[in-house]
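Worksheet: the structure to be examined is printed underneath.
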Amino acid sequence: MQPRLSAIALATVAAFGLVACGKEEPPKPAAKAEAPAAPPPPPTMTVNIGHVAPLTGGIAHLGKDNENGARLAIEQANAAKISIDGKEVKFVLIAEDDQADPKVGATVAQKLVDAKVAGVVGHLNSGTSIPASPIYNQAGIPVISGSATNPKLTEQGFKQQFRVVGRDDQQGPAVAIYLAGTAKPKTVAVIDDATAYGAGLADEVEKTLKAAGVKVLAREKGTDKTTDWKAVLTKVKGRNPDAIFYGGMDATGGPLLKQGRELGIKAVFAFGDGACTDEMRKLAGEKAAEGLICSQAGIPAQASSKKFLDAYKAKYNVDPILYAPFTYDATNLLIEAMKKANSADPAKYLPELQKIHFNGATGPIAFDEKGDRKDAEITIFTMKGDKLEPTAIMKGGKTIAYNDFLQMLATAVSAAGDAAKAPVDSAAQAGRDAAKAAVEAGKAATGTPK
Amino acid sequence: MDIFIQQVINGLTLGAVYAVVALGYTMVYGIIQLINFAHGEVVMIGAMIAFSVIVALAPGGLPPLVVVLIATGCAIPVCMFLGYAMERVAYRPLRGAPRLAPLITAIGVSIILQHFAMMIWGRSPLPFPQVITTVGYDVGGATITNVQIVILVVSTAMMTALALMVYRTKFGAAMRATAQNPQIAGLMGIDTDRVIAATFVIGAGMAAVAGVMVANYYGIAHYTMGAPLGLKAFCAAVLGGIGNLPGAMLGGILLGVVEALGAGYIGDLTGNWFGSNYQDVFAFIVLILVLVFRPQGLLGERVGERA
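From first to last, the protein sequence lines stand for chains A and B. Quick note on my numbering: the first sequence kicks off at 1 and runs consecutively. Quick note on my numbering: the second sequence kicks off at 1001 and runs consecutively.
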């Protein structure tokens, strides 16, 4: 609205100026003649960016969190008055609800393609991202997911499919290695919610645990709507496992944990990123949640950049729950690539996106040839007292204690900032050595084959 | 053996809740041959009201039991009013209409209630405050918690009270008369509209209690929690013979136990071919088998279709 108003105002001023001069020329050329004196507002262009996440249903809170992240990035970009190809760009977020339902996911994808969006951030779930991906691929629209972790998403050979989080075949092994190394279980029960995400993650955990010589019980399954886990857990209890891993979201994982403790199961409970939220404490009860282990693809939300955290809090008056920093980054990546290519045409800015190096709220981002994030970290959290505390960072199958990781980040930043000075370099080297030693120690502790 | 006992305890608890909700379906069906698909949503509203009351009262320092009782005491009248309003606004105007019309209306009411709840209580699963500390008791190696005991006792008490009311009181006689033939019952001086409204109100009150129990048991309340529960309870009512009160009770308990045992043993029985996520399939196979051999349900009577 604003630009159009000012255009009218300018035209009016120009017209009045013309009248004041008292010349008899037709208005059109006159306005042209006046132009150099009072430059017209730069031409504007609207760029639509789609965002898809479940905004209704059991994990609508996570969907809203994702959308908030993307919306924040859009608003910041609009406030910065970015211009592409000489035109001032107004970014518009088209937020869609896929209900975490694969069928709806595909429908919504088609809707966005028909609306000719320049790029898409989403979907939240792997189960909806995968069926939606061929539709985007056919239309050539770049898609960046901030939360879909199933490996299959980027294994389909789609050049415009990206994600800014780690994959389940990184996350699963990471949490399994950590679990095997710290809890040292003899028998582990693996349960999943029969979704692409939950079952995929559980498969990876099972594979890694078996490779580490841990006995894994026959898989138990619920659904993504199950709240009654008593029957499954009773059966599992009869097999007496030392640890239980659940691949699924917090809305089902919370009740699972609560009911497990009620049945008197003493095993360690471990979860993937979908159930790696503070909600777990409320859903399962404080006593039951204490000591749970969970992993998150990427770095913890509270470790994302302070600038982002403050802006998010200022705008929404809540803290980001889980993936908001990632959808924020994903949106900014699209915008950044458009800026670099000086075009919002998917075909033109896609190559820029593929070779982008970007410093986001979740750290430096670059994509490999599949569209996965290079060097994605996996964070292991433990529920201690009233919140989830990051305890370790897993990178390339190695365990790094969280504090060492922070130190590494600090040294990496200072080293990058002042690479020329030898003393700093050697300090960084010392830091890296220390971190390496920690990694080795972790590796030794976990006793994994790799 | 202890595992088996545990599964039976799980199943009985679940079944008791199904039975209480199923009674709401079966009572309404018995009287006006309407499947009130919005009944599950009444359960959800009951849980949500109790949630809000508990959250408001929890910091007040009242004894936990009192807090839960007050919450239930608030949920029951709200749901009763909801049941009454539903009947008055959505179903009574359609009393003479073809049967399909009120059925579709019921589905509509269900969707409206769900989204109404979503607007008030939000989309996130609400952690139901655990004001009552769960205590487990040992029964032959299995664990039964105080919450489970309360669910079993309260459900049994409600079902007994309902049965006494229907079969022993004058109002109950009016209900049965209306169920048999509303026209004749009207000629006998029974205010059938009042009886039908009362049936909805009683069912809704029981649903409210069921909602509080379920939310407390699982520690979670969500605006979508009503629909699946309602569907199961409806199946329980059909299993027992819809329109038949003891049938709904039996159907509910049976469905709960079959589900629990199914989830517990289906993997072993099929060599892990089917996982425990097929527990619903197991329950529905039982339902289908029963209906094939006894279409009127376990305790239902074979009655001619009434127009």
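No residue lacks a Cβ here, since even glycine has one placed at the ideal position from N, Cα and C. All figures in this text were calculated on a predicted structure; none of them were measured in a lab.
Alpha carbon of residue i to alpha carbon of residue j, nearest angstrom
| i | j | result |
| --- | --- | --- |
| residue 984 (chain B) | residue 1198 (chain B) | For chain B, the structure presents residues 1001 to 1307; residue 984 (chain B) sits outside this window and is missing. |
| residue 1209 (chain B) | residue 1073 (chain B) | 9 Å |
| residue 1247 (chain B) | residue 1241 (chain B) | 5 Å |
| residue 371 (chain A) | residue 203 (chain A) | 22 Å |
| residue 22 (chain A) | residue 82 (chain A) | Unreliable placement is indicated for residue 22 (chain A), whose pLDDT of 42 sits below 50; no coordinate value is reported for it. |
| residue 145 (chain A) | residue 1182 (chain B) | 60 Å |
| residue 343 (chain A) | residue 157 (chain A) | 24 Å |
| residue 256 (chain A) | residue 89 (chain A) | 48 Å |
| residue 261 (chain A) | residue 231 (chain A) | 13 Å |
| residue 70 (chain A) | residue 322 (chain A) | 13 Å |
| residue 216 (chain A) | residue 242 (chain A) | 10 Å |
| residue 224 (chain A) | residue 374 (chain A) | 30 Å |
| residue 1228 (chain B) | residue 1126 (chain B) | 17 Å |
| residue 248 (chain A) | residue 1244 (chain B) | 40 Å |
| residue 112 (chain A) | residue 72 (chain A) | 20 Å |
| residue 1042 (chain B) | residue 1087 (chain B) | 13 Å |
| residue 201 (chain A) | residue 307 (chain A) | 32 Å |
| residue 365 (chain A) | residue 185 (chain A) | 35 Å |
| residue 1124 (chain B) | residue 1167 (chain B) | 43 Å |
| residue 1263 (chain B) | residue 355 (chain A) | 50 Å |
| residue 67 (chain A) | residue 330 (chain A) | 11 Å |
| residue 1105 (chain B) | residue 1180 (chain B) | 24 Å |
| residue 1251 (chain B) | residue 1214 (chain B) | 18 Å |
| residue 129 (chain A) | residue 328 (chain A) | 18 Å |
C-beta atoms of residue i and residue j nearer than 7 Å
| i | j | result |
| --- | --- | --- |
| residue 142 (chain A) | residue 353 (chain A) | yes |
| residue 1018 (chain B) | residue 1039 (chain B) | no |
| residue 300 (chain A) | residue 379 (chain A) | yes |
| residue 1143 (chain B) | residue 264 (chain A) | yes |
| residue 326 (chain A) | residue 362 (chain A) | yes |
| residue 195 (chain A) | residue 226 (chain A) | no |
| residue 254 (chain A) | residue 211 (chain A) | no |
| residue 1178 (chain B) | residue 1201 (chain B) | no |
| residue 105 (chain A) | residue 114 (chain A) | no |
| residue 1235 (chain B) | residue 1287 (chain B) | yes |
| residue 338 (chain A) | residue 84 (chain A) | yes |
Of the listed residues the options, nearest to residue i (C-alpha basis)
| i | options | result |
| --- | --- | --- |
| residue 245 (chain A) | A:287, A:214, A:118 | A:214 |
| residue 1204 (chain B) | B:1075, B:1271, B:1063 | B:1075 |
| residue 1079 (chain B) | B:1105, B:1054, B:1049 | B:1049 |
| residue 1112 (chain B) | B:1237, B:1223, B:1229, B:1271 | B:1223 |
| residue 123 (chain A) | A:387, A:53, A:101, A:94 | A:53 |
| residue 1059 (chain B) | B:1125, B:1081, B:1130, B:1171 | B:1130 |
| residue 218 (chain A) | A:275, A:44, A:192, A:126 | A:192 |
| residue 1193 (chain B) | B:1091, B:1157, B:1230, B:1145 | B:1091 |
| residue 1122 (chain B) | A:136, A:181, A:165, A:59 | A:59 |
| residue 95 (chain A) | A:116, A:358, A:121, A:129 | A:121 |
| residue 61 (chain A) | A:279, A:408, A:369, A:345 | A:279 |
| residue 259 (chain A) | A:293, A:346, A:235, A:393 | A:235 |
| residue 1300 (chain B) | B:1012, B:1030, B:1006, B:1016 | B:1030 |
| residue 1014 (chain B) | B:1294, B:1285, B:1256 | B:1256 |
| residue 386 (chain A) | A:119, A:399, A:292, A:198 | A:292 |
| residue 348 (chain A) | A:118, A:43, A:76, A:79 | A:118 |
| residue 209 (chain A) | A:229, A:198, A:177 | A:177 |
Buried versus exposed, by CB contacts within 10 Å (16 or more), residue i
| i | result |
| --- | --- |
| residue 1184 (chain B) | exposed |
| residue 1273 (chain B) | exposed |
| residue 138 (chain A) | exposed |
| residue 1188 (chain B) | exposed |
| residue 313 (chain A) | exposed |
| residue 1051 (chain B) | buried |
| residue 1034 (chain B) | buried |
| residue 1293 (chain B) | exposed |
| residue 1056 (chain B) | exposed |
| residue 109 (chain A) | buried |
| residue 403 (chain A) | exposed |
beta-carbon residue i near the ligand FAD non-hydrogen atom, thresh 6 Å
| i | result |
| --- | --- |
| residue 1243 (chain B) | Annotation note on the ligand FAD: not contained in the displayed structure, which lists no ligands. |
Those runs of the alpha helix (DSSP H) which lie wholly inside the stretch 1237–1305 of chain B and span at least 4 residues:
Counting whole runs of 4 or more residues, the stretch 1237–1305 of chain B contains the alpha helix (DSSP H) stretches 1245–1269, 1279–1293.
Could you give the uninterrupted runs of the alpha helix (DSSP H) lying entirely in the stretch 1136–1168 of chain B, keeping only those of 4 residues or more?
The stretch 1136–1168 of chain B contains these whole alpha helix (DSSP H) runs: 1146–1168.
What residue ranges within the stretch 208–274 of chain A form continuous alpha helix (DSSP H) runs of no fewer than 4 residues, ordered along the chain?
230–239, 250–262, all fully within the stretch 208–274 of chain A.
Write down every uninterrupted run of the alpha helix (DSSP H) in the stretch 85–137 of chain A whose length is 4 residues or greater and which is fully enclosed by it, in chain order.
Taking only runs of at least 4 residues, the alpha helix (DSSP H) segments lying wholly in the stretch 85–137 of chain A are 102–114.
Give, in chain order, every unbroken run of the beta strand (DSSP E) that is at least 3 residues long and sits entirely within the stretch 282–314 of chain A.
As far as the stretch 282–314 of chain A is concerned, its whole beta strand (DSSP E) runs of at least 3 residues are 293–297.
Ignoring anything shorter than 4 residues, give me the alpha helix (DSSP H) runs that lie fully in the stretch 366–400 of chain A, in order along the chain.
Scanning the stretch 366–400 of chain A from its first residue to its last, no whole alpha helix (DSSP H) run of 4-plus residues comes out.
Runs of beta strand (DSSP E) lying entirely within the stretch 170–196 of chain A, each at least 3 residues, in chain order:
Fully enclosed beta strand (DSSP E) runs of no fewer than 3 residues occupy 187–192 of the stretch 170–196 of chain A, in order along the chain.
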